[in-house]
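Student: All residue numbers for the sequence shown refer to my numbering, where the first residue is 32 and numbers rise by one. Even for Gly, the Cβ is constructed at its ideal location relative to N, Cα and C. No experiment lies behind these values; they were computed from the predicted model shown.
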Amino acid sequence: MHTSHRMLRELSSLVHRQLQLTNSRNKSRNLSENSAPMGFNMFTNGPPLGTLGGLEALRLVPPEMPQAINTARRIMKIVQLSKMKAEKSSLSDDDDILRRFSVSSMNLTKSSVAVRKRKNNIFNEKQGNASVSPEEILNARNLEGKVQPYTLHHNSRHRLVWDMIVMAIIVLDLVFTPLSLGFNYDSKFLDFYNILEPVIFTIDFFVRMFSSYVNDHGDLVSGPRRTATNYLMSGWAIPDFLSWFPFGLLTKFSHSDALGFTKIIRLAKVSHLAYRLHSAKKVGLLRFLLLLALVLTIAHLLTCYWSFVAVEWRAHLEDGAFVPKTMFEEYSLCWSLVIGCVNASPPVMYSPMELISVACFMIIGNILQASVFGAVAALISSIDENEAAYSKKIVATSERCRFLGIPDDLARRIRGYYENLWRETKSVSGDADAFINELSPALICEVKFQLYRDMIRRIPFLSAKTLAPAVIEVLILHLRTVIYMQDDVLIRKGEFGDWMGFIGSKGTVGVLDPNSEICKILCILRKGDYFGEMALLQHTKRSATTVALTWVQIHVLCRQDLDYVKEMYPTQAEILESEITLYKKMTSATERW
32 MHTSHRMLRE LSSLVHRQLQ LTNSRNKSRN LSENSAPMGF NMFTNGPPLG
82 TLGGLEALRL VPPEMPQAIN TARRIMKIVQ LSKMKAEKSS LSDDDDILRR
132 FSVSSMNLTK SSVAVRKRKN NIFNEKQGNA SVSPEEILNA RNLEGKVQPY
182 TLHHNSRHRL VWDMIVMAII VLDLVFTPLS LGFNYDSKFL DFYNILEPVI
232 FTIDFFVRMF SSYVNDHGDL VSGPRRTATN YLMSGWAIPD FLSWFPFGLL
282 TKFSHSDALG FTKIIRLAKV SHLAYRLHSA KKVGLLRFLL LLALVLTIAH
332 LLTCYWSFVA VEWRAHLEDG AFVPKTMFEE YSLCWSLVIG CVNASPPVMY
382 SPMELISVAC FMIIGNILQA SVFGAVAALI SSIDENEAAY SKKIVATSER
432 CRFLGIPDDL ARRIRGYYEN LWRETKSVSG DADAFINELS PALICEVKFQ
482 LYRDMIRRIP FLSAKTLAPA VIEVLILHLR TVIYMQDDVL IRKGEFGDWM
532 GFIGSKGTVG VLDPNSEICK ILCILRKGDY FGEMALLQHT KRSATTVALT
582 WVQIHVLCRQ DLDYVKEMYP TQAEILESEI TLYKKMTSAT ERW
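(1) Could you tell me the alpha carbon to alpha carbon distance between Asn225 and Pro270, rounded to whole angstroms?
(2) According to DSSP, is Met380 part of a helix, a strand, or is it coil?
(3) Using 6 Å as the cut-off, classify the Cβ of Tyr381 as near or not near the heavy atoms of the ligand ZN, replying yes or no.
(4) Are there 16 or more other CB atoms within 10 angstroms of the CB of Phe353, so buried, or fewer, so exposed?
(5) Which stretch, first to last residue, makes up the alpha helix (DSSP H) that contains Leu482?
(6) Looking at Pro491: is its Cβ nearer than 7 Å to the Cβ of Tyr614?
(7) Taking the runs of the beta strand (DSSP E) that are 3 residues or longer, which of them lie wholly in the segment 583–614?
(8) Who does Ile555 pair with in a DSSP beta bridge?
(9) Which residue or residues does DSSP assign as beta-bridge partners of Phe533?
(10) Tell me whether Ala375 sits in a helix, a strand or coil according to DSSP, three-state version.
(11) Please report how far the alpha carbon of Leu80 lies from the alpha carbon of Leu498, in whole angstroms.
(12) Tyr421 lies in the alpha helix (DSSP H); which residues open and close that run?
(13) Output needed for Trp337: all residues of its chain with C-beta closer than 6 Å, excluding positions within five of it in sequence on either side, in chain order.
(14) Take Trp453 and list the residues in its own chain whose beta-carbon comes closer than 7 Å to its own, dropping the five residues that flank it on each side.
(15) Could you give the first and the last residue of the continuous alpha helix (DSSP H) run that contains Arg511?
(16) Does DSSP classify Ser274 as helix, strand or coil?
(17) Relative to the C-alpha of Arg318, which candidate in Ala575, Gly541, Ile411 has its C-alpha closest?
(18) Select from Arg573, Ala324, Tyr515 the residue whose C-alpha is nearest the C-alpha of Pro545.
(19) Which residue comes first and which comes last in the alpha helix (DSSP H) that contains Thr260?
(20) Among the candidates Glu450, Thr456, Ser402, Arg444, whose CA atom is the shortest distance from the CA of Lys424?
(21) Under three-state DSSP, which class holds Lys177?
(22) I need the DSSP call for Phe466, collapsed to helix, strand or coil.
(23) Mind checking who Tyr244 pairs with in its DSSP beta bridge?
(24) Can you check which of these residues, Pro378, Glu430, Ser536, Ile503, is closest to Thr456 by C-alpha distance?
(25) Kindly list the residues whose CB is nearer than 6 Å to the CB of Ala442, restricted to its own chain and excluding five residues on each side of it in sequence; keep chain order.
(26) Closest to Gly538 by CA distance: which of Ser402, Pro378, Leu553, Asp519 is it?
(27) Can you tell me whether DSSP reads Ile522 as helix, strand or coil?
(28) Where do the N-terminal and C-terminal ends of the beta strand (DSSP E) with Ala499 fall, by residue?
(29) Output the boundary residues of the alpha helix (DSSP H) element that contains Thr456.
(30) If you measure between the beta carbons of Val502 and Val596, is that distance less than 7 Å?
(31) Does the separation of the CB atoms of Met29 and Tyr448 fall below 7 Å?
(32) Compute the Euclidean distance between the alpha carbons of Leu521 and Lys479, then round it to the nearest angstrom.
(33) Closer than 7 Å by C-beta to Thr576: which residues in its own chain qualify, once you throw out the five before and the five after it? Chain order, please.
(34) Helix, strand or coil for Ala346 per DSSP?
(35) Measuring straight from C-alpha to C-alpha, what distance separates Phe272 and Met380?
(36) For Ser253 and Pro180, I'd like the C-alpha separation in whole angstroms.
This is the structure we're talking about:
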């Protein structure tokens, strides 16, 4: 008797352990099949997959239980599963799919509130408050790190405004400093500017000294000691220091020439302007405009330089036909002479300094002309770059067809393929959307969902609400695009098919009457329509022939991809098979291809 009781207790404990092991396996399998980012759902009508209710609602069929479990426990388990209902959604079935694979457009504050309200959230604390605040999320997303006190962030809005002010002062310096030296220009504005400029440059010196920077590894470096050391050891500290240092206080007021030459040192600050322009995006027209501004700046500097050194030439101005009376007229005359020197048309020279200066002007002019011509050529080539690639592709294809001995009719169709490809996609590549696969996994999913989700939802056996979003996601990721020309045969009657197709954004496909001996079109398929699903699902021969009536893009789903999804999600495979069976019954009365 005691032996029988002991055996029953051992059997009961063994069955209980087996039950726990089976339940844990089934739970882990369902979690792996139906897991998704918290709060994201594929279809609008259904619970978020991140909630436990959403996971349990997908278990339409209870997992198989060991035979040793008593009937009462099995019935109790089934009753508990039957009582689980999906969370109701206020959105209609016609709304767009809400599944997202990136949170770039999410409001962190609203998201945190939604997380606090969501039940059974594993990230919630016992008090019901979110364990991660929006401020902590923003700090976690800041990969550069936190800026230490007494340090200005180098990319902050205040630093950007300050840099724009400094660049404006530098541009004014480029204009007025050469004018004051070459033409003795003086005005009240220039007097105010001579006082303001050293003050601005002095402040800028310390702003740059205590601004953060990014090292070679991309790490943000802050702190007054480290930023000051890095700035003083860099090559920018010396020109910045020379631009504001008060050399005028070190010279006697009687030495006006020496005081004037000290203004040239201010132009050392131009190196910052050159660095800013060099680091900007220089493409196409912007590059040409920057080069044009450089040419005008050099011409202005050379004009002021010529007025300063051409003493003998200025003394003989009264002998010429044009005698300038104002500074503007004198500047215009010097400007025209400098431009003439740049283009190898030198003026009359009276001193060795003037001869050397004109020779240097010619050398600089040759360099500028070569730079301008090169920039214009690059601008023109960048404008017609894609069309040039298309023309080159057509010529190369024609030459290759001629070398291979391809008939003219077939070669003409090949060229027509590239012509249609260029007209429809503005690309000469057969896979114009190849850039999608270069994106991050989240962007790939989101882009493909935007492109293909409407087509997938039109298929009855793939748009069922009982299917997990992960299944639809994998199917969409396996779609590939094939291009067909006009009159190309897509599928033929009698051949075995292992794929189905969705018509893309453009094009039409005609289905030929299988009972007619002549080419008679039974129906026309357009954007978003699909075909070939019966051969894919039933492993049978094609029942009709389809022909491309126009240039068309077909998005293909292969049987291998469908089998892969079934193997990856065995629980969902049963649901998918039941939906396919139901679809076969619905279409048994009608003929599909």
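Tutor: The short version:
(1) Here residue 225 refers to the residue found at position 194 when the sequence shown is read from its first residue. Here residue 270 refers to the residue found at position 239 when the sequence shown is read from its first residue. Within the model, the alpha-carbon separation for Asn225 versus Pro270 is close to 18 Å.
(2) On the sequence shown, position 349 is the one that residue 380 refers to. Three-state DSSP puts Met380 in coil, outside helix and strand.
(3) Of the ligands one can find in the structure shown there are none, so the ligand ZN has no counterpart to examine.
(4) By one-based count along the sequence shown, residue 353 stands at place 322. When all chains shown are included, Phe353 counts as exposed.
(5) By 1-based counting over the sequence shown, the position of residue 482 is 451. For Leu482, the enclosing alpha helix (DSSP H) has its first and last residue at 472–488.
(6) By one-based count along the sequence shown, residue 491 stands at place 460. By one-based count along the sequence shown, residue 614 stands at place 583. Cβ atoms of Pro491 and Tyr614: closer than 7 Å.
(7) Counting whole runs of 3 or more residues, the segment 583–614 contains the beta strand (DSSP E) stretches 583–589.
(8) For the purposes of this step, residue 555 is taken as the residue at position 524 of the sequence shown. In DSSP, Ile555 forms a bridge with Gly541.
(9) Position 502 of the sequence shown, counted from the first residue, corresponds to residue 533. DSSP, once it has assigned bridges, lists Tyr561, His586 as partnering Phe533.
(10) The residue labelled residue 375 in the question sits at position 344 within the sequence shown. Reduced to three states, the DSSP call for Ala375 is coil.
(11) Counted from its first residue, the sequence shown places residue 80 at position 49. Counted from its first residue, the sequence shown places residue 498 at position 467. In this prediction, Leu80 scores a pLDDT of 35, lower than 50, which makes its location untrustworthy; the coordinate-derived value is nonetheless stated afterwards. So the two alpha carbons sit approximately 12 Å from each other.
(12) Within the sequence shown, numbered from 1, the residue matching residue 421 stands at position 390. Annotation for Tyr421: the continuous alpha helix (DSSP H) segment containing it runs 416–435.
(13) Within the sequence shown, numbered from 1, the residue matching residue 337 stands at position 306. Once the five neighbours on either side are set aside, the close Cβ partners of Trp337 are Cys365, Val369.
(14) For the purposes of this step, residue 453 is taken as the residue at position 422 of the sequence shown. Result list for Trp453: Tyr421, Val459, in chain order.
(15) Counted from its first residue, the sequence shown places residue 511 at position 480. Boundaries for Arg511: no alpha helix (DSSP H) harbours it, while the beta strand (DSSP E) harbouring it runs 511–515, taken from the DSSP string.
(16) Taking the first residue of the sequence shown as 1, we reach residue 274 at position 243. DSSP, reduced to helix, strand and coil, places Ser274 within a helical segment of the structure shown.
(17) Against the sequence shown, residue 318 aligns to sequence position 287. It is Ile411 whose Cα lies nearest to the Cα of Arg318.
(18) Here residue 545 is taken as the residue at index 514 of the sequence shown, counted from 1. Its Cα nearest to that of Pro545, the residue Arg573 stands out among Arg573, Ala324, Tyr515.
(19) By one-based count along the sequence shown, residue 260 stands at place 229. Membership of Thr260 in the alpha helix (DSSP H) is indicated by the continuous run 255–264.
(20) For the purposes of this step, residue 424 is taken as the residue at position 393 of the sequence shown. Per the Cα distances, Glu450.
(21) Numbered from its first residue, the sequence shown carries residue 177 at position 146. Annotated three-state conformation of Lys177 is coil, per DSSP.
(22) Position 435 of the sequence shown, counting from 1, holds the residue named residue 466. The three-state reading of DSSP puts Phe466 in helix, counting H, G and I together.
(23) Within the sequence shown, the letter at position 213 stands for residue 244. Answer by DSSP bridge pairing, in chain order: Val252.
(24) Residue 456 sits at position 425 when you count from the first residue of the sequence shown. For the residues Pro378, Glu430, Ser536, Ile503, the minimum Cα distance to Thr456 belongs to Ser536.
(25) One-based indexing of the sequence shown puts residue 442 at position 411. Once the five neighbours on either side are set aside, the close Cβ partners of Ala442 are Cys432.
(26) Your numbering for residue 538 matches position 507 in the sequence shown. For the residues Ser402, Pro378, Leu553, Asp519, the minimum Cα distance to Gly538 belongs to Asp519.
(27) By 1-based counting over the sequence shown, the position of residue 522 is 491. Correct three-state label for Ile522: strand.
(28) Taking the first residue of the sequence shown as position 1, residue 499 is located at position 468. Segment: none, Ala499 is in no beta strand (DSSP E) and carries neither H nor E.
(29) Counting from 1 along the sequence shown, the entry for residue 456 is found at position 425. Per DSSP, the unbroken alpha helix (DSSP H) holding Thr456 starts and ends at 439–456.
(30) Counting from 1 along the sequence shown, the entry for residue 502 is found at position 471. Counting from 1 along the sequence shown, the entry for residue 596 is found at position 565. Val502 places its beta carbon less than 7 Å from that of Val596.
(31) Coverage of the chain is limited to positions 32 through 624, which leaves residue 29 absent and any answer about it impossible.
(32) Position 490 of the sequence shown, counted from the start, is the residue given in the question as residue 521. Position 448 of the sequence shown, counted from the start, is the residue given in the question as residue 479. One C-alpha to the other measures close to 23 Å.
(33) In the sequence shown, the residue the question calls residue 576 occupies position 545. Apart from sequence neighbours up to five positions away, the residues of its chain that approach Thr576 with a beta-carbon distance below 7 Å are Val520, Ile522, Arg523, Lys524, Leu543, ordered along the chain.
(34) The count along the sequence shown starts at 1 and reaches residue 346 at position 315. Helix, per DSSP.
(35) To locate residue 272, count along the sequence shown from 1; it is residue 241. To locate residue 380, count along the sequence shown from 1; it is residue 349. If I take the Cα positions, the gap works out to 39 Å.
(36) On the sequence shown, position 222 is the one that residue 253 refers to. On the sequence shown, position 149 is the one that residue 180 refers to. C-alpha separation (whole angstroms): 8 Å.
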